[in-house]
Each structure stands twice: as structure tokens, then as C-alpha cells.
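Encoded as C-alpha cells, the structure appears first; notes follow it.
Numbering (the UniProt record's numbering), first residue to last: 1 to 215.
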């Protein structure tokens, strides 16, 4: 735009100078009459008018272009500001995303730690349950050995359907057969007969007797 305006101004200056030089030459060489002077003035006036009109048109075009350029500059500045705001917003969002990713990583690590702790707790609970079951089973086995009613008496074979009453009757028969005097007395009566487990001793017997004294 500056090149067009400078070229136009230069053309106008050259044209003005040529007109001025021509008029000076005419004045110097040939004296003008009043009619000739008027003609010369009219001719130059129309030329100057056309020149001024042309220059006005070019000036308007330049003003229009200048206005358009100002609008473009405003748009560029507005777009630049929007781009800068968008850039700042993008940077803030990126920082937020980075922070969220870091928090998510920390949360995942905590979840993994909690899962490991839960798995360890479950494993310990299972081991504890197994130990409890083993202990209960061992206790039950010992209790079954101790509380069995079909006590094995030395020299007395076991029979089916044997219970505490039959065992007591068997014991009374043995006492009466081997110790008749003791059987006649009512001072000693068996209270309970139990056997210790065979793993300790198959021959060991526990006999609890209850002594009753007759007054």
C-alpha cells in the first residue's frame, strides 16, 4: 500500500512539474493573449481536476484498504489473545491432568497395598481355621477315645451293643466271681469306667470308685 501511494505521489509531482515547465516555456517564448491564457487555464484546470479526482479515488481506495487492514489487525490481535487464552487454558488442563494421573497412581498403589493386606489376612484366617479344625479334630479324637462306652476289660472280649450299664454289670460279675466277700458289701460301687487312648497305653485303665459307708 505504501508503494502505491508513493508511486502516485511521484506521478502527480512529475505531471505538475511538466505542466509548470511547459507553461514557463510558453511564457518565455510566446506571449499569451487573454483568450489564449483563458484557454490554457481551462485546459490545465480540467487536467488538474481529473488529476485531483483520480487522486481522490486512489486516496479513498487507500483509506478503504487501510480500514480493511486495521480490521484485519484487530482480528489478528483478537485471535492472538484468544490463542493465548486457549494456550493458558490448555496448560492449566495439562497440569490438572498430570495431577489427576499422579493421584490415580497413588490410589492404585494404595488399592494394591490394601489388596495385599486383605490377601494376607485371608491367608492367615485360612491357616487359623485349618489349625482350629486340626485342633478340634485332635480334641475330638482324644475325647472319642476317652469317652468310648465299650471299654476293653482285660480278659473280657468286647461285644456288639455294649454300653455303660452292661459294662457295669460285667464289672460286678467279675468282682462277685473273684471277690465274693467284696461283692456282698455295699460300700464300694463303681461310678464310671473309662479307658485312656491306645496310643498312650492299651492296658491302662482308669477306674473311679465311689465309696459309700453304711452307718
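Using N, Cα and C, we set each Cβ at its ideal position, and we do this for glycine too.
Nearest-angstrom Cα separation, counted from residue j out to residue i
i           : j           : result
residue 87  : residue 52  : 51 Å
residue 33  : residue 41  : 12 Å
residue 222 : residue 104 : The chain is shown from 1 up to 215; residue 222 falls before or after that span and cannot be answered.
residue 100 : residue 114 : 21 Å
residue 275 : residue 49  : The requested residue 275 does not occur in the structure, where the chain is confined to residues 1 to 215.
Same chain only: Cβ atoms within 7 Å of residue i, ignoring 5 sequence neighbours per side
i          : result
residue 79 : none
Closer than 7 Å: residue i CB and nearest the ligand FMN heavy atom
i           : result
residue 174 : Among the components modelled here there is no ligand, and therefore nothing to report on the ligand FMN.
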